[in-house]
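Below: one structure, written as structure tokens.
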């Protein structure tokens, strides 16, 4: 069976993250998008150390959709260079994996 995949990204605010997440779930590119507000970030950008407030979004999908999901996320993302990290899942509860597959159009 194809394996689930988690995709990590950050966004500027909750509303943006929820709107993008809803689009991706409706398009069956993700089964679920968890939005975690209230993150403080320190990062290097174009040679300068910056601080900012963001939200984390964790997208639950399947490996086969990694490229399509990343392209759709990048197309909607407001950042010039969004963070999009694929986090392979080495194991998952079978019911959870089956749900992700079913909600993203995959065979369970």
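Numbering (our numbering), first residue to last: 5 to 112.
From the three backbone atoms N, C-alpha and C, an ideal C-beta is built for every residue, glycine too.
All values reported here derive from a predicted model rather than from experimental measurement.
(message) Let me confirm a value: residue 30 is counted as buried when at least 16 other C-beta atoms fall within 10 Å, else exposed. Which label applies?
(response) Counting from one through the chain shown, the residue named residue 30 turns up at place 26. Classification for residue 30: exposed.
(message) Given a cut-off of 9 Å on the beta-carbon distance, is the pair residue 63 and residue 28 in contact?
(response) Here residue 63 is taken as the residue at index 59 of the chain shown, counted from 1. Here residue 28 is taken as the residue at index 24 of the chain shown, counted from 1. Going by C-beta atoms, residue 63 is nearer than 9 Å to residue 28.
(message) Here's a check: name, in chain order, each residue in its chain whose Cβ is nearer than 6 Å to the Cβ of residue 35, leaving out the five neighbours to either side.
(response) One-based indexing of the chain shown puts residue 35 at position 31. Excluding positions up to five away in sequence, the list reads 64, 104, 107 and 108.
(message) For residue 85, count the other beta carbons within 10 Å of its own beta carbon; 16 or more makes it buried, fewer makes it exposed. Which is it?
(response) As a position in the chain shown, residue 85 is number 81, starting the count at 1. Exposed: under 16 other Cβ atoms inside 10 Å.
(request) Compare the C-alpha of residue 83 against each of 6, 33 and 21 and name the closest. (result) Taking the first residue of the chain shown as position 1, residue 83 is located at position 79. Closest option to residue 83, Cα to Cα, is 21.
(request) Along the alpha helix (DSSP H) that carries residue 9, what are the first and last residues, could you check? (result) Translated into positions along the chain shown, residue 9 becomes position 5. Here residue 9 belongs to no alpha helix (DSSP H); instead the beta strand (DSSP E) covers 8-15.
(request) Find the nearest neighbour of residue 13 within the set 92, 76 and 88, judged by alpha-carbon distance. (result) As a working note, residue 13 is residue 9 in the chain shown. With distances taken between Cα atoms, residue 13 lies closest to 88.
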